[in-house]
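Chemist: Counting with full-length UniProt numbering, you get residues 1 to 121 for the letters of the sequence shown.
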Amino acid sequence: CSSATGGGITSGGGFSSDFEVPWYQRHAVHSYMEQSDAPVPPRNGSWQYNSRGRGYPDISALASNYLVWMGQQLERMSGTSASTPLVAAMVAQLNEARLQRGLPALGFLNPLLYRLAERRP
């Protein structure tokens, strides 16, 4: 959704100019770059990006039209202020379920996210 076409929320991803690809992301970034239909600009064009940089984001969530209680009424909320708490709550629920079964909490999620995506695309 683009603000140029009347949308209220825009977002995107990219490749960092400051951080190299971390070990857990190497396979995903390499596979993405090797796709002939990967939606990235040509490496020698006017659009410059770091094809060796860390890809971001690692995870995303819908970020528009959440209904939240504000005082005594429901209000619409959008943006990372809405989606981030939702993702955090989902991870908290997963951790709680694991702890109740005597398993450890998930810990640092990024390597797990990429491992799961590789095993179950």
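Backbone N, C-alpha and C define an ideal beta-carbon position, used for all residues, glycine too.
Could you name the residues of the same chain whose beta carbon sits closer than 8 Å to that of Ser83, not counting the 5 residues immediately before and after it, in chain order?
Modeler: Closer than 8 Å at Cβ, skipping near neighbours: Ser60, Ala61, Leu62, Ala63 and Tyr66.
Chemist: Among Tyr114, Arg115, Leu94 and Pro111, whose alpha-carbon lies nearest the alpha-carbon of Ala105?
Modeler: For Ala105, the nearest C-alpha among the options comes from Leu94.
Chemist: Measuring alpha carbon to alpha carbon, tell me which residue in Ser16, Asp18, Pro22 and Ser51 is nearest Tyr32.
Modeler: Residue Ser51 is the option with its Cα nearest to Tyr32.
Chemist: When you compare only the Cα positions, how much space is there between Leu103 and Ala117?
Modeler: Answer to the nearest angstrom: the Cα atoms are 22 Å apart.
Chemist: Grab the span of the alpha helix (DSSP H) containing Ser11 for me, first residue to last.
Modeler: No alpha helix (DSSP H) contains Ser11, which DSSP labels as neither H nor E.
Chemist: If I follow the unbroken beta strand (DSSP E) through Gln73, where does it start and stop?
Modeler: First-last of the beta strand (DSSP E) with Gln73: Gln73 to Met77.
Chemist: Exposed or buried, what is Gln25 when buried is set at 16 or more other beta-carbons lying within 10 Å of its beta-carbon?
Modeler: Buried, by the Cβ-count rule.
Chemist: Considering only C-alpha positions, which residue in the set Glu34, Ala92 and Arg101 is nearest to Phe108?
Modeler: For Phe108, the nearest C-alpha among the options comes from Ala92.
Chemist: Rounded to the nearest angstrom, what separates Met90 and Asp37 at their Cα positions?
Modeler: Met90 and Asp37: Cα-Cα distance of roughly 32 Å.
Chemist: Cα separation between Val68 and Pro22?
Modeler: Using only the alpha carbons, I get a separation of about 36 Å.
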